[in-house]
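Colleague: Take a look at this one; I'll ask things after.
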DNA sequence: CGAATGCTTCGACTAAGATCGAAGTATGAA
DNA sequence: TTCATACTTCGATCTTAGTCGAAGCATTCG
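Chains as they are written, first to last, in the numbering used here: chain A, 136 to 361; chain B, 136 to 361.
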């Protein structure tokens, strides 16, 4: 009868507070167990289990069994992008669940957006790459230039491996705190992994915040001048 | 207690089937009355009225009184972008409400995405503008080049007026049928208005589909070669 | 082999909210 | 003024689904 995709199903999955809390926790990028997710949502394990089954059936989550643990994670990049776009709208209307506290500035400075860097630092990184003509817009969203590719490989990122996968290498993702775009896609993920592997940045426990070390700050500023 | 924006509230607003149907109808770009929206959703006027009040309180809709009619519309571009991103996810998981019928190809070819052109034609238009270097990526998403500006003004679009408003002129919007970006923002809206004013294209009644006339097809192909 | 941990399933309770009939308000037309 | 249209508010009903206790699998460890 109606035309177009069914958004009500997805909306109702996101619309329950317990499920929304779990999804927000999973935006931190780590795979989490039902027990951990139940704690995040403030509900019992039984209830969490039923929610997780629904989220998985709806295609938002995937699970991986490992011993007697089950690890849940967001199923695709698209899920992260979709959630971030909803967060963007919610934030712009003052719909926040937290009283602005000490954690807030840290989140705005640098945080994980599922698997890549977001916040002020994420936006600065993309700006800098574009200013240096290492990334440009093509028909299919963003693309690495030859210069960009050389730069990326010099940093030790395996470009060939990214190329092989069917995932888009570069994507834009709308930042809810900055209200501008930052870099997502497999390259975005590779950059964040690089920063952490090099010891330039650390993920905070139970938070989406990313804390840069002093050397990390310096390296980041040199790599991505403003 | 939790950090980050409250996505549950927005999700629950979108999550009710009746409200989702109304929002989808409003993605057609026309402002609609409660009576019309009730018909789209298949509910009585009383129920629709209560839903519309909630959507307005949540910031998704605005209303404009005109005589004894009330016209509801999506409140901002952001709402359209958010809904389209959810539709993108839903469509990629086969969550469609319609049995693929004769209307479907028309929608994929060209349709309204709130206030701008989407579908194959929307994507082709952005591709062509980028290939001709009339639009490029800057730090802040897309931007018109000088060449692009001249082109736009030659077509009769009032660039100065677009510039004055606080709305972004160019924006990307992820297309759910093509799964690539097309042009949103005030320029995207201006282009669609132009096509309709020139008689190149018409909006179908009660549908998001856009039908190009023969002269419209020809003009479009010349303006935006592949 | 128990015993313990991690998780799911079942069943019953409860509360939130979607729905509509009926009545009330506002605008416009005759 | 009177009637009609468009919409909102109120109140009652009823379904849906979120919740947790209890019990049941599965896996690991001693």
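Ideal placement from N, C-alpha and C gives every residue a C-beta, glycine not left out.
Only a predicted model underlies this, so the values are computations on that prediction, with no experimental measurement involved.
Counting only Cβ pairs nearer than 7 Å, list the residues of chain A close to residue 220 (chain B).
Modeller: Counting from 1 along the second chain, the entry for residue 220 (chain B) is found at position 85. Simply 216, 217 and 220.
Colleague: Spatial neighbours of residue 235 (chain A) within its chain, please: CB distance less than 8 Å, with the 5 preceding and 5 following residues excluded, ordered by chain position.
Modeller: In the first chain, residue 235 (chain A) corresponds to position 100, counting from 1. Bear in mind that a pLDDT of 47 at residue 235 (chain A), under 50, signals an unreliable position, so the number given afterwards is only what the model happens to contain. So the list is empty, once near-sequence residues are dropped.
Colleague: From this set, B:304, B:150, B:324 and B:258, which residue's C-alpha is nearest residue 225 (chain B)'s C-alpha?
Modeller: The residue you call residue 225 (chain B) lines up with position 90 of the second chain. Nearest C-alpha to residue 225 (chain B): B:150.
Colleague: Could you confirm whether any beta carbon from chain B is found closer than 8 Å to the beta carbon of residue 351 (chain A)?
Modeller: The sequence position of residue 351 (chain A) within the first chain is 216, counting from 1. Not an interface residue.
Colleague: Here's the rule I'm using: 16 or more other beta-carbon atoms within 10 Å means buried, otherwise exposed. How should residue 173 (chain A) be labelled?
Modeller: For this step, residue 173 (chain A) is matched to residue 38 along the first chain. Counting Cβ neighbours within 10 Å, residue 173 (chain A) comes out buried, since at least 16 surround it.
Colleague: Kindly give me the distance between the Cβ atoms of residue 258 (chain B) and residue 212 (chain B), rounded to whole angstroms, as I take these residues to be in contact under 8 Å.
Modeller: Here residue 258 (chain B) is taken as the residue at index 123 of the second chain, counted from 1. Here residue 212 (chain B) is taken as the residue at index 77 of the second chain, counted from 1. So it is not a contact: roughly 18 Å between Cβ atoms.
Colleague: Determine the DSSP secondary structure at residue 252 (chain A), reduced to helix, strand or coil.
Modeller: Counting from one through the first chain, the residue named residue 252 (chain A) turns up at place 117. In the structure shown, residue 252 (chain A) sits in a strand (DSSP, three-state: E or B).
Colleague: Are any of the Cβ atoms in chain A nearer than 8 Å to that of residue 235 (chain B)?
Modeller: Here residue 235 (chain B) corresponds to residue number 100 of the second chain, with the count starting at 1. Confidence in residue 235 (chain B) is poor, its pLDDT being 47 and thus under 50, which makes the residue's placement unreliable; the coordinate value appears in the next sentence. Chain A contact via Cβ: absent.
Colleague: Within 10 Å of its beta-carbon, does residue 312 (chain A) have 16 or more other beta-carbons around it, so buried, or fewer, so exposed?
Modeller: To locate residue 312 (chain A), count along the first chain from 1; it is residue 177. Per the 10 Å Cβ criterion, buried.
Colleague: What is the DSSP secondary structure of residue 359 (chain A), reduced to helix, strand or coil?
Modeller: In the first chain, counting from the first residue as 1, residue 359 (chain A) sits at position 224. Residue state, collapsed to three classes: coil.
Colleague: Closer than 8 Å by beta-carbon distance: list the chain B residues that pair up with residue 225 (chain A), in chain order.
Modeller: Locating residue 225 (chain A) in the first chain gives position 90, where the first residue counts as 1. Going along chain B in sequence order, the residues near residue 225 (chain A) (Cβ under 8 Å) are 140, 141, 142, 144 and 145.
Colleague: Say whether chain A places a C-beta atom closer than 8 Å to the C-beta of residue 196 (chain B).
Modeller: The residue you call residue 196 (chain B) lines up with position 61 of the second chain. So no, residue 196 (chain B) is outside the interface.
Colleague: Distance check for residue 301 (chain A) and residue 182 (chain A), CA to CA, integer angstroms please.
Modeller: Within the first chain, residue 182 (chain A) is the residue found at index 47, counting from 1. Within the first chain, residue 301 (chain A) is the residue found at index 166, counting from 1. Looking at the two C-alpha atoms, the distance is approximately 36 Å.
Colleague: So if I threshold CB-CB distances at 9 Å, which residues from the stretch 180–214 of chain A count as touching chain B?
Modeller: Here the close residues are 193, 194, 195, 211, 213 and 214.
Colleague: Kindly give me the distance between the Cβ atoms of residue 292 (chain A) and residue 221 (chain B), rounded to whole angstroms, as I take these residues to be in contact under 8 Å.
Modeller: For this step, residue 292 (chain A) is matched to residue 157 along the first chain. For this step, residue 221 (chain B) is matched to residue 86 along the second chain. Actually they do not touch by this definition, with Cβ atoms about 32 Å apart.
Colleague: Please compile the residues from chain A whose C-beta is within a distance smaller than 9 Å of the C-beta of residue 151 (chain B).
Modeller: Taking the second chain and counting its residues from 1, one reaches residue 151 (chain B) at position 16. By Cβ distance, chain A contributes 143, 146, 147 and 150.
Colleague: With a 10 Å radius around its C-beta and 16 neighbouring C-beta atoms as the bar for buried, classify residue 139 (chain B) as buried or exposed.
Modeller: In the second chain, the residue the question calls residue 139 (chain B) occupies position 4. Buried, because 16 or more other Cβ atoms sit within 10 Å of the Cβ of residue 139 (chain B).
Colleague: Does the stretch 176–194 of chain B come into contact with the stretch 186–203 of chain A, if we say contact requires no fewer than three beta-carbon pairs (one atom in each stretch) closer than 8 Å?
Modeller: Counting Cβ pairs under 8 Å, fewer than three are found: no touch.
Colleague: Could you pull out every residue in the same chain whose Cβ sits closer than 7 Å to the Cβ of residue 216 (chain B), ignoring the five residues on either side in sequence?
Modeller: Translated into positions along the second chain, residue 216 (chain B) becomes position 81. If we look at residue 216 (chain B) and ignore the five residues flanking it on each side, its Cβ neighbours are 308 and 319.
Colleague: Give the single residue among B:337, B:323 and B:228 whose Cα lies nearest to the Cα of residue 242 (chain B).
Modeller: As a working note, residue 242 (chain B) is residue 107 in the second chain. For residue 242 (chain B), the nearest C-alpha among the options comes from B:337.
Colleague: Using DSSP's beta-bridge definition, name the partner residues of residue 337 (chain B).
Modeller: Along the second chain, read from residue 1 onward, the residue named residue 337 (chain B) stands at position 202. According to DSSP, residue 337 (chain B) bridges with B:346.
Colleague: May I have a chain-ordered list of the beta strand (DSSP E) segments no shorter than 3 residues that lie completely inside the stretch 140–209 of chain B?
Modeller: Runs found: 196–201 and 204–209.
Colleague: Check each candidate in A:167, A:143, A:187 and A:162 and name the one with the smallest Cα separation from residue 153 (chain A).
Modeller: The residue labelled residue 153 (chain A) in the question sits at position 18 within the first chain. It is A:187 whose Cα lies nearest to the Cα of residue 153 (chain A).
Colleague: The alpha helix (DSSP H) that contains residue 226 (chain A), what's its start and end?
Modeller: Taking the first chain and counting its residues from 1, the one referred to as residue 226 (chain A) is at position 91. Segment 212–227, the alpha helix (DSSP H) holding residue 226 (chain A).
Colleague: Which residues of the stretch 304–332 of chain A have a Cβ closer than 7 Å to any Cβ of chain B? Give them in chain order.
Modeller: Those residues of the stretch 304–332 of chain A that come within reach of chain B (Cβ to Cβ, closer than 7 Å) are 307, 311, 315 and 316.
Colleague: State the Cα-Cα distance for the pair residue 263 (chain B) and residue 350 (chain B), rounded to the nearest angstrom.
Modeller: Walking along the second chain from the start, residue 263 (chain B) turns up at place 128. Walking along the second chain from the start, residue 350 (chain B) turns up at place 215. Whole-angstrom Cα-Cα distance: 19 Å.
Colleague: In its own chain, which residues sit with a C-beta less than 8 Å from the C-beta of residue 274 (chain B), not counting the 5 before and 5 after it?
Modeller: On the second chain, position 139 is the one that residue 274 (chain B) refers to. Note on residue 274 (chain B): pLDDT 49, under 50, position unreliable in the model; the coordinate value appears next. Excluding positions up to five away in sequence, the list is empty.
Colleague: Buried or exposed: where does residue 343 (chain B) fall if 16 or more other Cβ atoms within 10 Å of its Cβ makes it buried?
Modeller: Counting from one through the second chain, the residue named residue 343 (chain B) turns up at place 208. Burial call: buried.
Colleague: Whole angstroms are fine: how far does the CA of residue 354 (chain A) sit from the CA of residue 360 (chain A)?
Modeller: Looking up residue 360 (chain A) in the first chain gives position 225. Looking up residue 354 (chain A) in the first chain gives position 219. Spanning the two alpha carbons is a distance of roughly 10 Å.
Colleague: Between the alpha carbons of residue 315 (chain A) and residue 266 (chain A), how many angstroms are there, rounded?
Modeller: What you label residue 315 (chain A) is simply residue 180 of the first chain in a count that begins at 1. What you label residue 266 (chain A) is simply residue 131 of the first chain in a count that begins at 1. Each residue's alpha carbon lies about 15 Å from the other.
Colleague: Could you give the residue range of the alpha helix (DSSP H) that holds residue 327 (chain A)?
Modeller: Locating residue 327 (chain A) in the first chain gives position 192, counting from the first residue. Looking at the DSSP string, the run of the alpha helix (DSSP H) that includes residue 327 (chain A) is 320–332.
Colleague: With which residues is residue 247 (chain A) paired in a DSSP beta bridge?
Modeller: Here residue 247 (chain A) refers to the residue found at position 112 of the first chain. Bridge partners of residue 247 (chain A): A:252.
Colleague: Hey, residue 245 (chain B) and residue 326 (chain B) are a contact pair by Cβ (cut 8 Å); roughly how many whole angstroms apart?
Modeller: Residue mapping note: residue 245 (chain B) aligns to position 110 of the second chain, counting from 1. Residue mapping note: residue 326 (chain B) aligns to position 191 of the second chain, counting from 1. So it is not a contact: roughly 12 Å between Cβ atoms.
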